[in-house]
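Heads up: the structure comes next, in structure tokens.
Number of protein chains: 2
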Amino acid sequence: MKQITIEEAGQILKEKDNFLVLMHKSPDGDAVGCGYGLCMALRSIGKRAEPLCGDEIPPLFGYVTGKLETAEADPQYIISVDLATTNLLSGKALEYQDRIDLCIDHHRQNSGFAKAGYVDPDSASCAEIVMKILEKADISITPDIADALFMGVATDTGCFKYSNVTPETHRAAAKLMEYGADSLEICRIFFDTKTRTRLALEKMIYETIRYYADNRIALVTITREMMEKSGATQGDMDGIAGIAKQIEGVAVGVTAREKDNGEYRISVRTNGDISAGNICGVFGGGGHFAAAGCSIYGSEEEIRDKIIGACLKEIGEKN
Amino acid sequence: MKQITIEEAGQILKEKDNFLVLMHKSPDGDAVGCGYGLCMALRSIGKRAEPLCGDEIPPLFGYVTGKLETAEADPQYIISVDLATTNLLSGKALEYQDRIDLCIDHHRQNSGFAKAGYVDPDSASCAEIVMKILEKADISITPDIADALFMGVATDTGCFKYSNVTPETHRAAAKLMEYGADSLEICRIFFDTKTRTRLALEKMIYETIRYYADNRIALVTITREMMEKSGATQGDMDGIAGIAKQIEGVAVGVTAREKDNGEYRISVRTNGDISAGNICGVFGGGGHFAAAGCSIYGSEEEIRDKIIGACLKEIGEKN
Numbered sequence: 528m529k530q531i532t533i534e535e536a537g538q539i540l541k542e543k544d545n546f547l548v549l550m551h552k553s554p555d556g557d558a559v560g561c562g563y564g565l566c567m568a569l570r571s572i573g574k575r576a577e578p579l580c581g582d583e584i585p586p587l588f589g590y591v592t593g594k595l596e597t598a599e600a601d602p603q604y605i606i607s608v609d610l611a612t613t614n615l616l617s618g619k620a621l622e623y624q625d626r627i628d629l630c631i632d633h634h635r636q637n638s639g640f641a642k643a644g645y646v647d648p649d650s651a652s653c654a655e656i657v658m659k660i661l662e663k664a665d666i667s668i669t670p671d672i673a674d675a676l677f678m679g680v681a682t683d684t685g686c687f688k689y690s691n692v693t694p695e696t697h698r699a700a701a702k703l704m705e706y707g708a709d710s711l712e713i714c715r716i717f718f719d720t721k722t723r724t725r726l727a728l729e730k731m732i733y734e735t736i737r738y739y740a741d742n743r744i745a746l747v748t749i750t751r752e753m754m755e756k757s758g759a760t761q762g763d764m765d766g767i768a769g770i771a772k773q774i775e776g777v778a779v780g781v782t783a784r785e786k787d788n789g790e791y792r793i794s795v796r797t798n799g800d801i802s803a804g805n806i807c808g809v810f811g812g813g814g815h816f817a818a819a820g821c822s823i824y825g826s827e828e829e830i831r832d833k834i835i836g837a838c839l840k841e842i843g844e845k846n
Numbered sequence: 528m529k530q531i532t533i534e535e536a537g538q539i540l541k542e543k544d545n546f547l548v549l550m551h552k553s554p555d556g557d558a559v560g561c562g563y564g565l566c567m568a569l570r571s572i573g574k575r576a577e578p579l580c581g582d583e584i585p586p587l588f589g590y591v592t593g594k595l596e597t598a599e600a601d602p603q604y605i606i607s608v609d610l611a612t613t614n615l616l617s618g619k620a621l622e623y624q625d626r627i628d629l630c631i632d633h634h635r636q637n638s639g640f641a642k643a644g645y646v647d648p649d650s651a652s653c654a655e656i657v658m659k660i661l662e663k664a665d666i667s668i669t670p671d672i673a674d675a676l677f678m679g680v681a682t683d684t685g686c687f688k689y690s691n692v693t694p695e696t697h698r699a700a701a702k703l704m705e706y707g708a709d710s711l712e713i714c715r716i717f718f719d720t721k722t723r724t725r726l727a728l729e730k731m732i733y734e735t736i737r738y739y740a741d742n743r744i745a746l747v748t749i750t751r752e753m754m755e756k757s758g759a760t761q762g763d764m765d766g767i768a769g770i771a772k773q774i775e776g777v778a779v780g781v782t783a784r785e786k787d788n789g790e791y792r793i794s795v796r797t798n799g800d801i802s803a804g805n806i807c808g809v810f811g812g813g814g815h816f817a818a819a820g821c822s823i824y825g826s827e828e829e830i831r832d833k834i835i836g837a838c839l840k841e842i843g844e845k846n
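Just so you know, the sequences run in chain order Z and A. For the first sequence, position 127 (counting from the first letter as 1) is numbered 654 according to the working numbering, and the numbering increases by one without interruption. For the second sequence, position 101 (counting from the first letter as 1) is numbered 628 according to the working numbering, and the numbering increases by one without interruption.
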């Protein structure tokens, strides 16, 4: 992958046309914010641009997605945003995995799958990068674009509290507010709203937390039965992986969520110098230092043994 | 109260000596951050300075208060920080209520009790104001001072998500990070840590939430019995007043906490265009538009009738 400058990335947006912007599966606020924000910006300068995510985009992001009408694309230039590897594409987006022209990303482990790439691993969110590219290219950031990008910045930083936050993150947030982002509404949607079904699920979670290693590891298991009983849906799950790590004294918070066919989707969040990426790497997963994920297959007990074993090993190696 | 400029406020810090810095009762992160941060800064330029809060400062703020040794003061110049009215002084701080020389504050309703005042109601936190005064006065902001002030900014904005946040708030946060604030640790302490007793209390709260006005009002009651059963202490209560308002569809979140002698301490948080200040004003309380407090005396049912009545009236007037 040819590393290009931010100016070159901006130049591409102005020179090319008929864009498709790919987002990763299980899209988060940063992916959706970048995908939709970039398409809005491209359209604002007269280009054709369509966002594409192989998975359905949860209604939680409707505040942003509702502002862009989308259509089928027959694209000439393919951009990926917030995509570390093409393994994270799904569905219809997979068709384009071998022909990605430009990769805009902030993952240090970006696998270099595109023809050209602008990757800034010091950026807390990909949305900050998109903002800077638009600024360099003199493409106006409208309030709608600012909303999309603010959603990316805010959600990828847990509302400015994760370890990835830098002074630049706050300065990007300040600029996006000045560009017209409704930061209050976005923060309310993502950080200050709980559905009643979410409350019901949290109550069950609080009753079932398990502790290991002198309470340094906390494990939350969310079974399909708990989902059914609480009535919780995917839209209720945002930030749920943070609950275990929040508990005082806990250095490794693990959340195991039962999916279909014996799959448990594992999220690991860590405090201090323990690598969540290492823990999930044991099972073929990955992510960031303080937040990572993987899938493990088996019974609830098998999953527990495996993931807690990997956590204990990682903690042991750090002591 | 004579309104002075930020330059004049800075000049006072450099000219006077033997300062006492008063904080309000039930001190929050902004009061403590300003009180301790300002004293650290004054001492750094060779002045004598002591913070004074009439109430005991909760251990939650120990990350900041632990960095300053305090002593008895026989002060010559009295400053108040984050203090809207001298009614909010308590204990030993009350002795100084009639001789406050300089008031540094951000409350729009500041009652003008001091000889001179620098009040900026557009500032989300008083800590941002203290930062700017120090900058104007060319007093270096050390990492310890930055920690104290970042605590003020972050806690008074609910980690950058309340309606008081402006681009300037994010820029102040960016600067304080550059001055050396350990923003990650401060956010972890205040926004990403739950004690197990807090978890137990939240579980009880989730079981006892009452809804009114088509679920637009949610009421959380925290009885002394719940506190005892959960084992929760004052240190577990931070942000508890936000729970009711977080529930989807709720426009007015009310938290009634039983104190001694039939007093219930009421916190009201609102979304949209409903004034929490108006609701609490009915009972002699006050605060900001979206967050206010008051005390009501009576039985649990009487309290409920009174506060919900006031909420319904305020909602009714807005429809």
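By construction, the Cβ of each residue, glycine as well, lies at the ideal position given by its N, Cα and C atoms.
Residues bridged to residue i [DSSP beta-bridge criterion]
{"i": "Y471 (chain A)", "result": "This structure cannot settle anything about residue 471 (chain A), because the visible part of chain A is limited to 528 through 846."}
{"i": "K541 (chain A)", "result": "In DSSP, K541 (chain A) forms no bridge with anything."}
{"i": "S607 (chain Z)", "result": "Z:L549, Z:C630"}
{"i": "T852 (chain A)", "result": "Nothing about residue 852 (chain A) can be read from this structure; chain A reaches only from 528 to 846."}
{"i": "A643 (chain Z)", "result": "Z:K529, Z:L629"}
{"i": "A818 (chain A)", "result": "A:R796"}
{"i": "K859 (chain A)", "result": "No information on residue 859 (chain A) is available, as it lies outside the stretch 528 to 846 that chain A covers here."}
{"i": "G780 (chain A)", "result": "A:A745, A:R796"}
{"i": "G769 (chain Z)", "result": "BP columns for G769 (chain Z) are empty, so no partner."}
{"i": "G813 (chain A)", "result": "A:G820"}
Chain-order list of residues whose beta-carbon lies under 6 Å from that of residue i (same chain, five-residue window excluded)
{"i": "K543 (chain Z)", "result": "Y604"}
{"i": "D647 (chain Z)", "result": "H633, I656"}
{"i": "N489 (chain A)", "result": "The displayed coordinates of chain A run from 528 to 846. Any statement about residue 489 (chain A) would go beyond what the structure contains."}
{"i": "G780 (chain Z)", "result": "A745, A771, K772, R796"}
{"i": "K594 (chain A)", "result": "D671"}
{"i": "A568 (chain A)", "result": "L661, I666, I672"}
Residue range of the unbroken alpha helix (DSSP H) whose run includes residue i
{"i": "V680 (chain Z)", "result": "670–683"}
{"i": "I806 (chain Z)", "result": "803–808"}
{"i": "G589 (chain A)", "result": "589–592"}
{"i": "T696 (chain A)", "result": "694–705"}
{"i": "R570 (chain A)", "result": "556–571"}
{"i": "C653 (chain A)", "result": "653–663"}
Exposed unless 16 or more other CB atoms sit within 10 angstroms - verdict on residue i
{"i": "R737 (chain Z)", "result": "exposed"}
{"i": "P585 (chain Z)", "result": "buried"}
{"i": "R635 (chain Z)", "result": "exposed"}
{"i": "K833 (chain Z)", "result": "buried"}
{"i": "D601 (chain A)", "result": "exposed"}
{"i": "E827 (chain Z)", "result": "exposed"}
{"i": "D765 (chain Z)", "result": "buried"}
Interface partners of residue i on chain Z, CB under 7 Å
{"i": "S690 (chain A)", "result": "L711"}
Same chain, Cβ closer than 8 Å to residue i, five either side skipped, listed in chain order
{"i": "D582 (chain A)", "result": "K552, S553, P554, S617, G618"}
{"i": "G644 (chain Z)", "result": "M528, K529, Q530, I531, L629, C630, I631, D632, N637"}
{"i": "I732 (chain A)", "result": "V747, I749, M753, I767, I770"}
{"i": "T724 (chain A)", "result": "S757, G758, A759, T760, D763"}
Residue i: contacting residues in chain A (beta-carbon distance under 7 Å)
{"i": "C686 (chain Z)", "result": "C686, F687, K688"}
{"i": "F718 (chain Z)", "result": "K688"}
{"i": "A701 (chain Z)", "result": "P694, H697, R698"}
Residue i: contacting residues in chain Z (beta-carbon distance under 9 Å)
{"i": "L733 (chain A)", "result": "Going by the sequence as given, residue 733 (chain A) is Tyr instead of Leu. Going along chain Z in sequence order, the residues near Y733 (chain A) (Cβ under 9 Å) are L726, A727, E729, K730, Y733."}
{"i": "R737 (chain A)", "result": "Near R737 (chain A) there are no residues of chain Z at all, since even the closest Cβ is about 13 Å away, more than 9 Å."}
{"i": "Q761 (chain A)", "result": "The contacting residues do not exist; Q761 (chain A) stays about 15 Å from chain Z at best."}
Host beta strand (DSSP E) of residue i (start-end)
{"i": "P578 (chain Z)", "result": "576–580"}
{"i": "I749 (chain A)", "result": "744–749"}
{"i": "R737 (chain A)", "result": "737–739"}
Residue i Cβ short of 7 Å to the ligand MN heavy atom set
{"i": "I672 (chain A)", "result": "This structure does not include the ligand MN; it has no bound ligands of any sort."}
Amino acids of chain A, ordered along the chain, whose beta-carbon sits closer than 9 Å to that of residue i
{"i": "E705 (chain Z)", "result": "P694"}
Close beta carbons around residue i, own chain, < 7 Å, minus the five adjacent residues each side
{"i": "T597 (chain A)", "result": "E577, P578"}
{"i": "T682 (chain Z)", "result": "D555, G556, D557, F717"}
{"i": "Y623 (chain Z)", "result": "L547, L549, I605"}
{"i": "I830 (chain A)", "result": "A783, Y791, I823"}
{"i": "C821 (chain A)", "result": "I793, C807, F810, G811, G812"}
Amino acids of chain Z, ordered along the chain, whose beta-carbon sits closer than 8 Å to that of residue i
{"i": "Q773 (chain A)", "result": "D719, T720, K721"}
Cross-chain neighbours of residue i in chain A, by beta carbon under 8 Å
{"i": "R715 (chain Z)", "result": "K688, N798"}
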